[in-house]
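*Asks:* Following this message is one structure expressed as structure tokens.
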Amino acid sequence: MHHACGRCILQRRYKIKNLIEEIPTVEQRKLVNFDIYKDWKCPVCECKKETFGHVWRCYSNRKRMRNIIYYSIICLIEKIKEYNIYTFDKAKIIDLFINESFGEVKVNNNKLTFVDIIKGLFPKLLADFLRQEIKMTKVHIFETGVKFLDFVFDSTHKIWSIDVIYKKTKKKF
Numbered sequence: 001m002h003h004a005c006g007r008c009i010l011q012r013r014y015k016i017k018n019l020i021e022e023i024p025t026v027e028q029r030k031l032v033n034f035d036i037y038k039d040w041k042c043p044v045c046e047c048k049k050e051t052f053g054h055v056w057r058c059y060s061n062r063k064r065m066r067n068i069i070y071y072s073i074i075c076l077i078e079k080i081k082e083y084n085i086y087t088f089d090k091a092k093i094i095d096l097f098i099n100e101s102f103g104e105v106k107v108n109n110n111k112l113t114f115v116d117i118i119k120g121l122f123p124k125l126l127a128d129f130l131r132q133e134i135k136m137t138k139v140h141i142f143e144t145g146v147k148f149l150d151f152v153f154d155s156t157h158k159i160w161s162i163d164v165i166y167k168k169t170k171k172k173f
């Protein structure tokens, strides 16, 4: 069980590493082929410079991102419920996402945001809440965190895939 969980974590880290490294690779291509890419904008909105953060904040993805955050919270709540030993007020978890920066789709160098969760970072504040308010064990917090991050990765990977398809289509024309 523990070995399989470790393998899942390594696979997720590898996927996230590749996801994060893809934009700098594209940026390097833009520099090498400056004439082709000098006016390159987001292939979806064609307004803003494409960055890792913009992919998630792009106007065309706002509704999708709101849905992903909503369903990520639902996923977190459901994973906690699966243990059948914790009683909690799910409104407090929802409020935590509403009131804290990790429920926002922003890039912020001083606070953890949902963009950081996409990168695979589980907020300490959320872990502390699970431990202090819900009285979850460290093992259950870890397992729940892994499942939550996997859900976020799988959900946001669809947006990343759409962005890549737009790029490929744009290159052909």
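Count the sequence shown with the UniProt record's numbering and you get residues 1 to 173, in order. Beta carbons: idealized from backbone N, C-alpha and C, even for Gly.
Is the separation between the beta-carbon of residue 177 and that of K111 shorter than 9 Å?
*Replies:* Beyond the ends of the chain as shown, which are 1 and 173, falls residue 177; an answer cannot be given.
*Asks:* What separation, rounded to the nearest whole angstrom, lies between the Cα atoms of C45 and L149?
*Replies:* Distance between the alpha carbons of C45 and L149 is about 27 Å.
*Asks:* Is I85 buried or exposed, if buried means 16 or more other CB atoms sit within 10 Å of its CB?
*Replies:* Per the 10 Å Cβ criterion, exposed.
*Asks:* Put I85 into one of helix, strand or coil per three-state DSSP.
*Replies:* Here I85 sits in coil by DSSP.
*Asks:* Determine the DSSP secondary structure at V44, reduced to helix, strand or coil.
*Replies:* It is coil, neither helix nor strand.
*Asks:* Below 8 Å on the Cβ atoms is my contact criterion, and I expect I118 with T87 to pass it. Report the Cβ-Cβ distance as a whole number of Å.
*Replies:* About 30 Å separates the two Cβ atoms, so there is no contact after all.
*Asks:* Which class does M65 belong to by DSSP, given the choice of helix, strand or coil?
*Replies:* Note: M65 maps to helix in three-state DSSP.
*Asks:* Would a C-beta distance cut-off of 9 Å place I159 and R66 closer than the cut-off?
*Replies:* Going by C-beta atoms, I159 is not nearer than 9 Å to R66.
*Asks:* Note the first and the last residue of the continuous alpha helix (DSSP H) segment covering L130.
*Replies:* From DSSP, the alpha helix (DSSP H) with L130 extends over K124 to Q132.
*Asks:* Below 9 Å between beta carbons: does that hold for D144 and K90?
*Replies:* Just to set this straight, residue 144 is Thr in the shown sequence, not Asp. It is not a contact, given that the beta carbons lie outside the stated cut-off.
*Asks:* Would you kindly report the start and end of the unbroken alpha helix (DSSP H) that includes L96?
*Replies:* Note, L96: alpha helix (DSSP H), K90 to N99.
*Asks:* In the DSSP assignment, the alpha helix (DSSP H) including V55 goes from what residue to what residue?
*Replies:* Unbroken alpha helix (DSSP H) run through V55: F52 to R57.
*Asks:* Could you spell out where the alpha helix (DSSP H) holding V115 opens and where it closes?
*Replies:* First-last of the alpha helix (DSSP H) with V115: F114 to I118.
*Asks:* When we look at the beta-carbon of C75 and count the other beta-carbons within 10 Å, is it buried (16 or more) or exposed?
*Replies:* Result: buried.
*Asks:* Take Y59 and list the residues in its own chain whose beta-carbon comes closer than 7 Å to its own, dropping the five residues that flank it on each side.
*Replies:* Hits under 7 Å: C45.
*Asks:* Look at the alpha carbon of A127 and the alpha carbon of I134, and state the distance between them as a whole number of angstroms.
*Replies:* Their Cα atoms are separated by approximately 10 Å.
*Asks:* Can you have a look at V115 and say buried or exposed, based on whether 16 or more other CB atoms are within 10 angstroms of its CB?
*Replies:* V115 is buried by the Cβ-count criterion.
*Asks:* Which value, in whole angstroms, describes the spacing of the CA atoms of T137 and I98?
*Replies:* Distance between the alpha carbons of T137 and I98: 25 Å.
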